[in-house]
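**Q** Everything in the sequence shown is counted per this note's numbering, starting at 64 for the first residue and increasing by one.
Yeah, the Cβ is synthetic: ideal placement off N, Cα and C, and Gly gets one too.
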Amino acid sequence: TANIAGIWSGYTGPGHKTVLPSVARAKMDFRLVPDQDPARLAGKLKQHLARHGFEDIEVSLQAENPAARTPISSPIAKMAARAGKEVFHKEPVTLVTSAASCPMHYFTNTLRLPTVAIGCNDPRSNTHAPDENQRIDVFVQGAKWIAMVIEDFAKSSE
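#1: Looking at C-alpha atoms only, which residue of 92, 73 and 178 is the closest neighbour of residue 66?
#2: Which whole runs of the alpha helix (DSSP H) in the stretch 141–205 are 4 residues long or more, in chain order?
#3: Can you tell which of 102, 90 and 150 has its C-alpha closest to the C-alpha of residue 203?
#4: Please name the residue or residues paired with residue 88 in a DSSP beta bridge.
#5: Taking 9 Å as the threshold (C-beta atoms), are residue 208 and residue 163 in contact?
#6: Just reading off the alpha helix (DSSP H) that residue 112 is part of, what are its end residues?
#7: Pull up the distance between the alpha-carbon of residue 166 and that of residue 136, whole angstroms please.
#8: Any contact of the stretch 126–144 with the stretch 176–192, i.e. 3+ C-beta pairs under 8 Å?
#9: Please state the DSSP three-state secondary structure of residue 65.
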């Protein structure tokens, strides 16, 4: 996905100023899938803007987080699902792709280590909202879930 995280221009300080802004800025982020290269994608954005008459827009790559994925059939993914079911007494929701971004690629792509992300929050926790919250019982169960996966993985030969 392509996300416009923010747009700003002109005078944004206290009080009033009636001046034409000399610069406008936008901050974007892209959520990548495997085999998408961040630098190549930034170049494609610049080409797209130029084709539409905006060749004067500067595009700079501030940070990179290549996509990372461990097959859902991998032993650690199965361990995580099994442990989640044992701790919560219900089938866990298993997603192949996360909406979050993190430097997981260092493990999966560079070190070639299987990796899973385990979410330990209640659906009503309002993640990233001003009223974000976490139930203590869900937090404790989540910690048990993570510990169980680490223990199972340490005992496995894979």
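**A** On the basis of the supplied data:
#1: 92
#2: none
#3: 150
#4: 71
#5: no
#6: 101–114
#7: 22 Å
#8: yes
#9: strand
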